[in-house]
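Scroll down for the structure; my scribbles are underneath it.
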Amino acid sequence: MSKISDFLGKSARQNVLEALERAEAKNEYHALLSLTKDRALERADAVDRGEITGRLAGVPFVVKDNFLAYGAPTTAASKILENFNAPLQATAVEKLEAEGAICIGKANLDAFAHGGSTENSAFGPTLNAFDKERVAGGSSGGSAVVTALDIVPFALGSDTGGSIREPASFNGVVGVKPTYGTVSRYGVVAMASSTDVIGCFTTDVADSELVMDIMAGQDKKDMTTLPDFFSPISDVKSGQKIGLIKEFMTDDVDTEVRALTTKYVEKLRTNGHIVEEISLPIVAHTLAMYYIIVPAEVSSNLARYDGIRYGKRSDGAKNLAQLYGMSRDEGFMTENKRRIMIGSYVLSSGFFDAYYLKAQKARTLLINDFNKLFTDYDALIGPVSPTPAFKLGENDSDPIKMYLADVMTVPASLAGLPALSVPAGNTDAGLPVGVQLIGPRRSDAKLLALAKSMEDK
Amino acid sequence: MVVMTQISIDDVQHLAQLSSLQLDDSEIEGLRNDLSNILNYVQQLGELDTSGVEPTYQVTDLENVWRDDVVDDYGIDRDRLLALAPASDKNQIKVPKVL
Chain U
0 MSKISDFLGK SARQNVLEAL ERAEAKNEYH ALLSLTKDRA LERADAVDRG
50 EITGRLAGVP FVVKDNFLAY GAPTTAASKI LENFNAPLQA TAVEKLEAEG
100 AICIGKANLD AFAHGGSTEN SAFGPTLNAF DKERVAGGSS GGSAVVTALD
150 IVPFALGSDT GGSIREPASF NGVVGVKPTY GTVSRYGVVA MASSTDVIGC
200 FTTDVADSEL VMDIMAGQDK KDMTTLPDFF SPISDVKSGQ KIGLIKEFMT
250 DDVDTEVRAL TTKYVEKLRT NGHIVEEISL PIVAHTLAMY YIIVPAEVSS
300 NLARYDGIRY GKRSDGAKNL AQLYGMSRDE GFMTENKRRI MIGSYVLSSG
350 FFDAYYLKAQ KARTLLINDF NKLFTDYDAL IGPVSPTPAF KLGENDSDPI
400 KMYLADVMTV PASLAGLPAL SVPAGNTDAG LPVGVQLIGP RRSDAKLLAL
450 AKSMEDK
Chain B
0 MVVMTQISID DVQHLAQLSS LQLDDSEIEG LRNDLSNILN YVQQLGELDT
50 SGVEPTYQVT DLENVWRDDV VDDYGIDRDR LLALAPASDK NQIKVPKVL
């Protein structure tokens with residue numbers, strides 16, 4: 000698979016043209032919603048003239064279509080933003096562009112990042128890079144697939160409850176969900192503000208370190224960014240203590256997923272690390288916390304789509320109430336409506352204490368349990384998802400079944416912890432499986448160094 | 000004790016109103032079923048003892064982040080923002096009558 004270094008020191012125009020050709024050739028996967036050809040070529044020529052230099056000079060990349068970026072609409076894979084041309088760019092995109100990277104297109108997702116398969120896109124699903132009858136995972140499915148298909152060496156995604164890690168696992172690429180607050184979210188369509196993070200997909204860990212190093216940092220346009228802390232480290236000492244989360248290795252989890260996770264654990268041991276089984280019983284309740292807290296935040300964040308200031312306005316509205324109601328009904332997907340309405344329910348007076356407040360207290364218990372483990376362990380490990388990529392249509396008629404695919408990824412999100420999905424091998428049927436490494440807050444560089452030291456071992 | 004939450008058609012319509020969603024009649028029964036199932040699923044949180052636990056609202060450990068009280072247009076002018084509105088007239092966004 001291609002790496003960032005394969006693109007450095009070459010004609011940027013050639014890099015971009017070839018990436019666009021690969022994107023066209025792989026059109027059937029529907030990983031991309033738009034190509035930003037004109038702007039990409041303009042920027043490539045500026046790189047070739049030496050006007051733009053940097054660590055990613057002439058390297059093509061793709062952003063999930065919930066990042067505001069120039070050159071194509073920012074749709075969030077929704078009807079309501081179908082023709083929305085962003086008046087600004089996300090800080091993450093600006094930082095990559097300042098290093099010479101060239102965005103060539105925008106990747107498919109579940110509308111507004113609500114989903115775990117990319118089947119909730121208003122423009123149709125993305126197909127898995129390894130099996131076209133299976134889902135890409137989600138919500139950043141398009142970004143994972145363009146990386147796995149070698150269309151570009153890296154792509155950006157957002158992760159609220161697993162939206163980078165799960166598709167990375169399903170498509171055999173590296174996916175990074177950093178510590179909450181590592182990368183500015185300015186210019187990214189908000190989903191659930193207390194867990195949304197920006198991260199990346201790459202084909203190896205070193206490339207993720209580079210992309211994260213460029214994107215990370217405090218931004219005065221995003222008051223939730225942490226003071227600068229991320230800096231790649233070259234290697235990790237042997238003897239790291241790692242806890243294997245036993246609740247993620249039960250009989251409910253696919254046999255091959257467990258076997259590949261165990262194989263990775265053995266590899267850690269062979270390389271001088273100490274892996275012990277640990278228990279984190281509260282994970283049995285984290286999905287329930289997540290599906291209260293996140294819809295609550297979704298209902299607030301999606302209140303801005305009103306058909307007035309931007310986005311699509313319903314043609315049929317005769318008065319203001321209809322304008323809101325019809326524009327939103329036509330512009331959102333069913334899953335968006337479910338989450339907004341659940342949010343309205345759990346936040347309404349009479350139910351607030353029983354649902355929302357209860358979930359936020361339970362979240363404290365989860366954080367405390369993680370903190371206790373991190374006094375003894377440097378990192379935790381387990382699978383990313385209970386199964387490899389499932390079949391298209393297999394879960395999309397039952398929201399709860401779809402939500403259960405997130406059971407292993409939401410704990411790190413609710414606690415704001417960094418977590419990686421790294422390839423652990425393929426099943427007998429040839430489907431990729433990822434393992435998840437979770438660390439204490441701000442341990443991102445160490446987690447990446449650990450994962451890097453295990454590659455090709 | 001877990002009480003099963005039953006969401007009625009009226010509940011769905013009330014939630015839709017709170018959410019500014021004018022649902023099509025064909026959507027209501029499906030949403031009633033889905034919302035009931037989701038709410039019944041998340042009720043398992045009742046099993047956790049959270050007495051005396053403080054809620055977590057954010058995970059940054061940051062406190063008030065101040066900025067200087069100066070106008071910043073973030074590099075975007077009025078015309079570009081107005082151009083995003085579905086209808087505008089004389090620097091104002093147009094909407095249908097309110098009443």
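Chains as they are written, first to last, in numbering that gives the first Met the number 0: chain U, 0 to 456; chain B, 0 to 98.
Glycine included, C-beta positions come from ideal geometry on N, C-alpha and C.
CA nearest to the CA of residue 196(U), picked from 138(U), 248(U), 146(U), 168(U) = Working through the first sequence from its first residue, we reach residue 196(U) at position 197. Of the listed residues, the one whose Cα sits closest to residue 196(U) is 138(U).
key: Residues of the region 215 to 226 of chain U with Cβ closer than 8 Å to any Cβ of chain B, in chain order   = Contact annotation: in the region 215 to 226 of chain U, residues whose CB is within less than 8 Å of a CB in chain B are 219, 220, 222, 223, 225.
ask   = Given that residue 5(B) touches chain U, what residues does it touch there, using C-beta distances under 7 Å?
value = Here the question's residue 5(B) lines up with position 6 in the second sequence. Chain-order list of chain U residues neighbouring residue 5(B): empty, with the shortest C-beta distance near 13 Å, by a criterion of under 7 Å.
query = Which residues in chain B sit within 7 Å of residue 180(U), going by Cβ to Cβ distance?
reply = One-based indexing of the first sequence puts residue 180(U) at position 181. The answer, in chain order, is 59.
request  = Taking the CB atoms as reference points, tell me whether residue 175(U) and residue 146(U) lie closer together than 8 Å.
outcome  = Here the question's residue 175(U) lines up with position 176 in the first sequence. Here the question's residue 146(U) lines up with position 147 in the first sequence. With a cutoff of 8 Å on beta-carbon distance, residue 175(U) and residue 146(U) are scored as not near each other.
query = Helix, strand or coil: how does DSSP classify residue 201(U) here?
reply = Within the first sequence, the letter at position 202 stands for residue 201(U). The answer is strand: DSSP assigns residue 201(U) an E or B state.
request  = Compute the beta-carbon to beta-carbon distance between residue 187(U) and residue 66(U), rounded to the nearest angstrom, for a pair I have assumed lies under 8 Å.
outcome  = The residue given as residue 187(U) occupies position 188 in the first sequence. The residue given as residue 66(U) occupies position 67 in the first sequence. Indeed, because the Cβ distance is near 5 Å, the residues count as touching under 8 Å.
message = Just checking: is the beta-carbon of residue 18(B) within a distance shorter than 8 Å of some beta-carbon in chain U?
response = For the purposes of this step, residue 18(B) is taken as the residue at position 19 of the second sequence. Proximity of residue 18(B) to chain U, defined by a Cβ-Cβ separation below 8 Å, is satisfied.
message = Using the Cβ count rule (16 or more neighbours within 10 Å means buried), how would you classify residue 61(B)?
response = Residue mapping note: residue 61(B) aligns to position 62 of the second sequence, counting from 1. Label assigned to residue 61(B): exposed.
ask   = Can you list, in chain order, the residues of the region 279 to 301 of chain U whose Cβ is nearer than 7 Å to any Cβ on chain B?
value = Going along the region 279 to 301 of chain U in chain order, one finds 284, 287, 288, 290, 291, 298 with a Cβ nearer than 7 Å to chain B.
key: Touch test, the region 294 to 313 of chain U against the region 321 to 334 of chain U, Cβ-Cβ under 8 Å, three pairs minimum   = Touching, yes.
query = Shorter than 8 Å from the beta carbon of residue 88(B) to some beta carbon of chain U?
reply = Within the second sequence, residue 88(B) is the residue found at index 89, counting from 1. No, because no Cβ of chain U sits closer than 8 Å to the Cβ of residue 88(B).
query = residue 33(B) CB to nearest chain U CB: under 8 Å?
reply = Your numbering for residue 33(B) matches position 34 in the second sequence. With its beta carbon less than 8 Å from one in chain U, residue 33(B) belongs to the interface.
Beta-carbon proximity check, residue 464(U) vs residue 446(U), cutoff 8 Å = With chain U covering only 0 through 456, there is no way to say anything about residue 464(U).
request  = Could you give the DSSP three-state label for residue 82(U): helix, strand or coil?
outcome  = Numbered from 1 along the first sequence, position 83 holds the residue referred to as residue 82(U). Coil, per DSSP.
ask   = Alpha carbon to alpha carbon, what distance is there between residue 78(B) and residue 92(B)?
value = Taking the first residue of the second sequence as 1, we reach residue 92(B) at position 93. Taking the first residue of the second sequence as 1, we reach residue 78(B) at position 79. If I take the Cα positions, the gap works out to 11 Å.
request  = Return helix, strand or coil for residue 31(B), following the three-state DSSP convention.
outcome  = The residue labelled residue 31(B) in the question sits at position 32 within the second sequence. Note: residue 31(B) maps to helix in three-state DSSP.
request  = Assess, as a yes-or-no matter, whether the region 7 to 23 of chain U is touched by the region 70 to 81 of chain U under the definition of 3 or more beta carbon pairs within less than 8 Å.
outcome  = Output reads no: the region 7 to 23 of chain U does not touch the region 70 to 81 of chain U.
query = Which chain B residues sit within Cβ distance under 8 Å of residue 415(U)?
reply = Within the first sequence, numbered from 1, the residue matching residue 415(U) stands at position 416. Within 8 Å Cβ-Cβ: 58, 59.
query = So which residues on chain B does residue 366(U) lean against when the C-beta distance must stay under 8 Å?
reply = Within the first sequence, the letter at position 367 stands for residue 366(U). The answer, in chain order, is 55, 58.
Pair within 8 Å by beta-carbon distance, residue 166(U) and residue 191(U) = Position 167 of the first sequence, counted from the first residue, corresponds to residue 166(U). Position 192 of the first sequence, counted from the first residue, corresponds to residue 191(U). No.
query = Given that a residue counts as buried once 16 or more other Cβ atoms are within 10 Å of its Cβ, and exposed if not, what is residue 294(U)?
reply = Residue 294(U) sits at position 295 when you count from the first residue of the first sequence. By the neighbour-count rule (16 or more Cβ atoms within 10 Å), residue 294(U) is buried.
request  = Could you check which residue in 221(U), 212(U), 361(U) has the C-alpha nearest to that of residue 230(U)?
outcome  = Mapped onto the first sequence, residue 230(U) falls at position 231. The option with the nearest alpha carbon to residue 230(U) is 212(U).
Beta-carbon gap between residue 162(U) and residue 401(U) smaller than 8 Å = Counting from 1 along the first sequence, the entry for residue 162(U) is found at position 163. Counting from 1 along the first sequence, the entry for residue 401(U) is found at position 402. Residue 401(U) is positioned such that its CB atom lies no closer than 8 Å to that of residue 162(U).
message = Assuming the contact rule is C-beta atoms closer than 8 Å, residue 264(U) and residue 380(U) should be a hit. Round their C-beta distance to whole Å, please.
response = Within the first sequence, numbered from 1, the residue matching residue 264(U) stands at position 265. Within the first sequence, numbered from 1, the residue matching residue 380(U) stands at position 381. Rounded, the Cβ-Cβ distance is 7 Å, consistent with contact.
inquiry  = Does the contact criterion of 3 or more C-beta pairs under 8 Å hold for the region 90 to 110 of chain U versus the region 198 to 217 of chain U?
reply    = Yes, the region 90 to 110 of chain U is in contact with the region 198 to 217 of chain U.
key: Nearest-angstrom Cβ-Cβ length linking residue 3(U) and residue 62(U), presumed shorter than 8 Å   = In the first sequence, the residue the question calls residue 3(U) occupies position 4. In the first sequence, the residue the question calls residue 62(U) occupies position 63. That belief does not hold up - the Cβ atoms of residue 3(U) and residue 62(U) are roughly 16 Å apart, past 8 Å.
message = If you reduce the DSSP assignment to three classes, tell me which class residue 133(U) lands in.
response = Here residue 133(U) refers to the residue found at position 134 of the first sequence. Correct three-state label for residue 133(U): strand.
query = Does the beta-carbon distance from residue 4(B) to residue 42(B) come in below 8 Å?
reply = If you number the second sequence from 1, residue 4(B) lands on position 5. If you number the second sequence from 1, residue 42(B) lands on position 43. Less than 8 Å separates the beta-carbon of residue 4(B) from that of residue 42(B).
request  = Let me know the secondary structure DSSP gives residue 239(U) once reduced to three states.
outcome  = If you number the first sequence from 1, residue 239(U) lands on position 240. Note: residue 239(U) maps to coil in three-state DSSP.
inquiry  = At the level of alpha carbons, what is the spacing between residue 75(U) and residue 442(U)?
reply    = Stepping through the first sequence from its first residue, residue 75(U) is reached at position 76. Stepping through the first sequence from its first residue, residue 442(U) is reached at position 443. In a straight line, the C-alpha of residue 75(U) is about 30 Å away from that of residue 442(U).
query = How many angstroms separate the CA atom of residue 85(B) from the CA atom of residue 182(U)?
reply = On the second sequence, position 86 is the one that residue 85(B) refers to. On the first sequence, position 183 is the one that residue 182(U) refers to. In this structure, the alpha-carbon of residue 85(B) lies about 32 Å from that of residue 182(U).
key: Cβ-based neighbour list, residue 248(U), same chain, cut-off 6 Å, excluding 5 preceding and 5 following   = In the first sequence, the residue the question calls residue 248(U) occupies position 249. For residue 248(U), the CB contacts under 6 Å within the same chain, skipping 5 residues up- and downstream, are 257 in chain order.
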